[in-house]
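**Student:** Here it is, the structure, as structure tokens.
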Amino acid sequence: MIPYGHQTIDDEDIEEVIKVLRSDWLTTGPKISEFENALCDYVGSEHAIAMNSGTSALDIAVASLDLPRGSEVITTPFTFVATSNALLYNGLKPVFADIERETRNIDPEDIGHRITPRTKAIMYMDYAGHPCNIDEIQDIANEHDLYLIEDACHSFGATYHDKKIGSLADLTVFSFHPVKPITTGEGGAVVTNDPELAQKARMLHSHGIDRDTISRYGPDAGWAYDMKMLGRNYRMTDIQAALGISQLKKIDQFIERRNEIALYYQELLQDIELISLPMTKEKIRHGWHIYTVLLEGAIKRNDLFKYLRRENIGANVHYIPVYRHSYYSETFDYNKKDYPVTEDVFKHIITLPLFPEMTEEDVEYVVSSILKIIHSL
Ligand SMILES: Cc1ncc(COP(=O)(O)O)c(C=O)c1O
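Sequential numbering of the sequence shown, starting at 30, is according to my numbering.
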């Protein structure tokens, strides 16, 4: 099976992990701050807090804003459920805005329609690694005094108008799951330029305690610590951080290869009328976490999906709109008619494989399989 996404791990990554396994610190050790500093250097932010998943990092980013319970946060329904679940964990109400067809990102114009006096933040997600229209979202936030949280789980390594993702919103969240731009197995991070938010996020991710283990270690260190807020244990291990440091050295290489593969797909698919290709806006470096196309006219998404799976191609669907999941439909009263673009995109979208180790022959095999089903119609 050619999967839709896959990690790239080399001997150097494995060596770095083994070194940690032979050391004294499997967790709360020196590799954590080394990884956090490397993340800050790469994305151009002041603070980074590494965590055990992107989901944990979203939860902590939202919690660190300390918004009144019941506040509304505008977000996208065309995402993985973790995005809006982070709002629910914190007693907030996800208010979905519709998306743009071409990028599948939240539509800034529709954000404007969803604002009420209870709106406190906008949480946008850079679908497939294509940054949202951040300038427009920023203008809305400034006008209404709203916080911005960027779910950048797809867009680590991408840039918006020459600025790295991670330096733009109040808080930005990354995931290091194996299909993501770099991996730590499971893992994630919050980055921010705001020292107060960073301090809160750091405390919240480790029980709400004000001193970390390494600062309580050694001959001159005292034993005391204080729990100042109700936190969680979302810490990353040093084993994961060592893998992250090693992976981070290769991120630009990975993104470059992802761009080459996406470009090759565009070249091979561009003349097929029944397929509408993803577009990249100007002044964007796309992260190409996933490659999705829309099927127009006669080919049914579910038919192509089944056919590709039978051909050993790991096609997928990103995403089922969040409000369609039974937890959401049974708990809240979202109406799919309020999201016509999301519904239309959901019906027609399919994800094709894309990961750095894919070969040109793999891409050709995927495209020839698509052509076979089109010709059979
Ligand atoms: C958009 C988005 N947000 C959040 C997450 C959650 O990240 P993780 O799997 O690291 O918890 C994912 C991962 O699939 C994602 O795609």
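Glycine included, each C-beta is placed from N, C-alpha and C at the ideal position.
1. Mind checking who residue 217 pairs with in its DSSP beta bridge?
2. Between the alpha carbons of residue 83 and residue 180, how many angstroms are there, rounded?
3. Does any heavy atom of ligand 1 sit closer than 7 Å to the C-beta of residue 152?
4. Within its chain, find whatever has a CB closer than 6 Å to the CB of residue 297; leave out the 5 residues flanking it on each side and keep chain order.
5. Would the beta-carbon of residue 56 fall within 8 Å of that of residue 243?
6. With distances taken Cα to Cα, identify the nearest neighbour of residue 160 among 141, 198, 377, 340.
7. For residue 252, which residues in the same chain have their Cβ closer than 7 Å to its Cβ, ignoring the five residues on either side in sequence?
8. Anyone know if the C-beta pair for residue 61 and residue 258 falls short of 8 Å?
9. Which whole-angstrom value describes the C-beta separation of residue 269 and residue 214, a residue pair presumed to lie in contact below a C-beta threshold of 8 Å?
10. Cβ atoms of residue 208 and residue 315: under 8 Å apart, would you say?
11. Assuming residue 275 contacts residue 342 under a Cβ cut-off of 8 Å, what Cβ separation, rounded to an integer in Å, is found between them?
12. State yes or no: is the C-beta of residue 263 within less than 8 Å of the C-beta of residue 85?
13. Is residue 308 closer than 8 Å to residue 15 when the C-beta atoms are compared?
14. Look at the Cβ atom of residue 157, then the Cβ atom of residue 177, and state whether they are nearer than 8 Å.
15. At a Cβ threshold of 8 Å, is residue 214 touching chain D?
16. Please name the residue, chosen from 385, 374, 361, that lies closest to residue 318 on a Cα-to-Cα basis.
17. Could you pull out every residue in the same chain whose Cβ sits closer than 6 Å to the Cβ of residue 65, ignoring the five residues on either side in sequence?
18. May I have a chain-ordered list of the alpha helix (DSSP H) segments no shorter than 4 residues that lie completely inside the region 108-176?
19. For the alpha helix (DSSP H) containing residue 363, list its first residue and its last residue.
20. Tell me whether residue 278 sits in a helix, a strand or coil according to DSSP, three-state version.
21. Regarding residue 383 and ligand 1, is the C-beta to nearest heavy atom distance less than 7 Å?
22. Among 322, 391, 364, 239, which residue has its Cα nearest to the Cα of residue 301?
23. Kindly indicate which residue of 331, 238, 96 has the alpha-carbon position closest to the one of residue 148.
24. Rounded C-beta distance between residue 330 and residue 404? I'm assuming under 8 Å.
25. Which residues does DSSP list as the beta-bridge partners of residue 256?
26. Who does residue 322 pair with in a DSSP beta bridge?
27. With a threshold of 7 Å, establish whether the CB of residue 68 neighbours any heavy atom of ligand 1.
28. Taking 7 Å as the limit between beta carbons, can you name the residues of its chain near residue 210, skipping five residues before and five after?
29. Got a sec? Which residues, its chain only, sit under 7 Å from residue 109 by beta carbon, not counting five neighbours each side?
30. Excluding the 5 residues flanking residue 338 on each side, which residues of the same chain have their C-beta closer than 7 Å to its C-beta?
31. Please report the distance separating the alpha-carbon of residue 320 from that of residue 354.
32. Does DSSP put residue 388 in a helix, a strand or coil?
33. Going by C-alpha distance, which of 155, 40, 394, 375 is nearest residue 382?
**Tutor:** To lay it out plainly:
1. In the sequence shown, the residue the question calls residue 217 occupies position 188. Per DSSP, 80, 204.
2. Translated into positions along the sequence shown, residue 83 becomes position 54. Translated into positions along the sequence shown, residue 180 becomes position 151. Distance between the alpha carbons of residue 83 and residue 180: 9 Å.
3. Your numbering for residue 152 matches position 123 in the sequence shown. No, since every heavy atom of ligand 1 falls outside the 7 Å radius drawn around the Cβ of residue 152.
4. Here residue 297 refers to the residue found at position 268 of the sequence shown. Taken in chain order, the residues that qualify are 396.
5. Here the question's residue 56 lines up with position 27 in the sequence shown. Here the question's residue 243 lines up with position 214 in the sequence shown. Result no, Cβ atoms of residue 56 and residue 243 do not sit closer than 8 Å.
6. In the sequence shown, the residue the question calls residue 160 occupies position 131. The alpha carbon of residue 160 has as its nearest neighbour, out of 141, 198, 377, 340, the alpha carbon of 198.
7. Taking the sequence shown and counting its residues from 1, the one referred to as residue 252 is at position 223. Excluding its 5 nearest sequence neighbours in each direction, residue 252 has C-beta neighbours in its own chain below 7 Å: 245, listed in chain order.
8. Position 32 of the sequence shown, counted from the first residue, corresponds to residue 61. Position 229 of the sequence shown, counted from the first residue, corresponds to residue 258. For residue 61 and residue 258, no; Cβs fall outside 8 Å.
9. Stepping through the sequence shown from its first residue, residue 269 is reached at position 240. Stepping through the sequence shown from its first residue, residue 214 is reached at position 185. Contact annotation, residue 269 with residue 214: C-beta distance approximately 6 Å; criterion of less than 8 Å satisfied.
10. In the sequence shown, counting from the first residue as 1, residue 315 sits at position 286. In the sequence shown, counting from the first residue as 1, residue 208 sits at position 179. Their beta carbons are not under 8 Å apart, which means residue 315 does not touch residue 208 by this criterion.
11. Sequence index remark: in the sequence shown, residue 275 carries index 246 (1-based). Sequence index remark: in the sequence shown, residue 342 carries index 313 (1-based). Not a contact, Cβ separation roughly 30 Å.
12. For this step, residue 263 is matched to residue 234 along the sequence shown. For this step, residue 85 is matched to residue 56 along the sequence shown. When the beta-carbon positions are compared, residue 263 and residue 85 come within less than 8 Å of each other.
13. Outside the shown range of the chain, which is 30 to 406, sits residue 15, and nothing can be said about it.
14. As a working note, residue 157 is residue 128 in the sequence shown. As a working note, residue 177 is residue 148 in the sequence shown. Their beta carbons are not under 8 Å apart, which means residue 157 does not touch residue 177 by this criterion.
15. No chain D is part of this structure, which consists of one protein chain only.
16. Residue numbering aside, residue 318 sits at position 289 when the sequence shown is read from its first letter. Closest option to residue 318, judged by alpha-carbon separation, among 385, 374, 361: 385.
17. As a working mapping, residue 65 is identified with position 36 in the sequence shown. So the list reads 77, 79, once near-sequence residues are dropped.
18. Taking only runs of at least 4 residues, the alpha helix (DSSP H) segments lying wholly in the region 108-176 are 111-118, 137-143, 163-173.
19. Residue 363 sits at position 334 when you count from the first residue of the sequence shown. That residue, residue 363, is in no alpha helix (DSSP H); it is neither H nor E in DSSP.
20. On the sequence shown, position 249 is the one that residue 278 refers to. Coil.
21. Translated into positions along the sequence shown, residue 383 becomes position 354. No, the beta carbon of residue 383 sits no closer than 7 Å to any heavy atom of ligand 1.
22. Counting from one through the sequence shown, the residue named residue 301 turns up at place 272. Cα-wise, what sits closest to residue 301 is 322.
23. Residue numbering aside, residue 148 sits at position 119 when the sequence shown is read from its first letter. The shortest C-alpha separation from residue 148 is found at 96.
24. Against the sequence shown, residue 330 aligns to sequence position 301. Against the sequence shown, residue 404 aligns to sequence position 375. With a Cβ gap of about 18 Å, residue 330 and residue 404 do not count as contacting.
25. Residue 256 sits at position 227 when you count from the first residue of the sequence shown. Answer is 238, bridged to residue 256.
26. As a working note, residue 322 is residue 293 in the sequence shown. Beta-bridge pairing links residue 322 to 379.
27. Residue 68 sits at position 39 when you count from the first residue of the sequence shown. It does not: the Cβ of residue 68 is nowhere closer than 7 Å to a heavy atom of ligand 1.
28. Against the sequence shown, residue 210 aligns to sequence position 181. The answer, listed in chain order, is 185, 186, 280, 283, 284, 316, 318.
29. Taking the first residue of the sequence shown as 1, we reach residue 109 at position 80. Within the same chain, residue 109 has close Cβ partners 348.
30. Counting from one through the sequence shown, the residue named residue 338 turns up at place 309. Result list for residue 338: 344, in chain order.
31. Looking up residue 320 in the sequence shown gives position 291. Looking up residue 354 in the sequence shown gives position 325. Distance between residue 320 and residue 354, taken at the CA atoms: about 23 Å.
32. The residue given as residue 388 occupies position 359 in the sequence shown. Looking at residue 388 - three-state DSSP - the assignment turns out to be coil, as it is neither helix nor strand.
33. For the purposes of this step, residue 382 is taken as the residue at position 353 of the sequence shown. Looking at the Cα atoms, 394 is the closest of the given residues.
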